[in-house]
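Data first, discussion second: the structure below is written as structure tokens.
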Amino acid sequence: MEFTYEIMSENNINVRFNYGGEWFTFDLFFHDGQWVLHPFDSALIRNKDMSRLVIADLLQHKPFQVMLAKEGIILSELTVSISVDNRVQEPEFEEMIRSDRRIGSGLDGNRLSGAGDGESDADIDEMIENNDLDDLLLLEIGLIEQRQHIYNRILHKMFMADLGPGDAEFQRIQQIVRAYGETKVKLEQMRL
1 MEFTYEIMSE
11 NNINVRFNYG
21 GEWFTFDLFF
31 HDGQWVLHPF
41 DSALIRNKDM
51 SRLVIADLLQ
61 HKPFQVMLAK
71 EGIILSELTV
81 SISVDNRVQE
91 PEFEEMIRSD
101 RRIGSGLDGN
111 RLSGAGDGES
121 DADIDEMIEN
131 NDLDDLLLLE
141 IGLIEQRQHI
151 YNRILHKMFM
161 ADLGPGDAEF
171 QRIQQIVRAY
181 GETKVKLEQM
191 RL
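No gaps in the numbering here: position 148 of the sequence shown is 148 in the working numbering, and each next residue is one more.
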């Protein structure tokens with residue numbers, strides 16, 4: 001077997017690919033309306049040329065293409081963090097990862113990010129007056145996506161430190177990511 005994957009949430013898939021007798025791990029995640037393939041392995045991140053070779057081979061690997069099709073991901077719209085064909089340059093990806101975008105619903109995500117951290121009655125009244133339930137659900141979904149993204153970054157850093165799925169703390173962080181994913185799905189269903 002040269003290829004395996006694990007669906008962590010509807011917006012995050014862990015991919016393992018055997019290239020040249022070595023297993024490489026990738027994070028396939030949905031961010032800002034697009035799917036992004038990002039290498040987890042420090043060997044690939046440090047060596048852009050090697051990364052391009054492995055990613056190019058993965059993109060042409062039929063089982064990977066079938067997995068994308070099953071998950072409704074269009075190969076031609078997939079973005080990679082290490083540019084293979086100049087679709088996305090590395091600085092663009094780094095900016096995308098660093099950005100902390102808020103939901104454009106009119107709510108102030110900074111004020112509400114700490115659930116009950118000193119919101120006054122006037123703040124709550126203003127929130128109720130200016131937003132409907134759909135706006136509130138969108139805010140919560142956005143906050144959950146931000147938290148999920150943060151924990152995915154933690155997983156990435158742990159992986160870079162040679163911790164992986166066999167490590168108990170790594171597994172617990174994965175459980176947090178899954179819990180956020182399940183909560184997000186429930187909130188999205190409330191919007192329907």
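Ideal placement from N, C-alpha and C gives every residue a C-beta, glycine not left out.
Residue i versus the options, residue with shortest Cα-Cα distance
| i | options | result |
| --- | --- | --- |
| W35 | F26, E188, I124 and Q60 | F26 |
| A179 | L59, D135, L37 and N12 | N12 |
| R191 | E182, L136 and V177 | L136 |
| M160 | F40, D121, I173 and V66 | F40 |
| I73 | F30, E129, I124 and H61 | F30 |
For residue j and residue i, believed in contact at Cβ under 8 Å, the rounded distance
| i | j | result |
| --- | --- | --- |
| V54 | L68 | About 17 Å separates the two Cβ atoms, so there is no contact after all. |
| Q174 | M8 | 7 Å |
| L75 | Q65 | 6 Å |
| V80 | L138 | Actually they are not in contact, since the Cβ atoms of V80 and L138 sit about 29 Å apart, beyond 8 Å. |
Own chain residues within Cβ distance below 8 Å of residue i, not counting five before or after
| i | result |
| --- | --- |
| Q171 | P165 |
| D134 | R191 |
| M50 | A43 and L44 |
| G21 | none |
| D167 | M158 |
| V177 | M8, S9, N12, Q148, Y151, N152 and L155 |
| E71 | I7 and I13 |
| E182 | S9 |
Minimum Cβ-Cβ distance from residue i to chain B less than 7 Å
| i | result |
| --- | --- |
| S9 | Here there is only one protein chain, and chain B is not present. |
Neighbourhood of residue i by C-beta distance below 6 Å, restricted to the same chain and skipping five residues each side
| i | result |
| --- | --- |
| E140 | L187 |
| E2 | N18 |
| V15 | Y5, F26 and L28 |
| L266 | Outside the shown range of the chain (1 to 192) lies residue 266, about which nothing can therefore be said. |
| W23 | R16 |
Residue i beta carbon near the ligand GDP (any heavy atom closer than 6 Å)
| i | result |
| --- | --- |
| V36 | This structure lacks the ligand GDP, and indeed carries no ligand of any kind. |
**Asked** If you scan the segment 106-184 from start to end, which runs of the beta strand (DSSP E) of 3 or more residues do you find wholly inside it?
**Response** Counting only runs of 3 or more, we get nothing.
**Request:** Assess, as a yes-or-no matter, whether the segment 184-192 is touched by the segment 141-152 under the definition of 3 or more beta carbon pairs within less than 8 Å.
**Result:** yes
**Any beta strand (DSSP E) of 3 or more consecutive residues that is wholly inside the segment 13-74** = Taken in chain order, the complete beta strand (DSSP E) segments of 3 or more residues contained in the segment 13-74 are 22-31 and 34-39.
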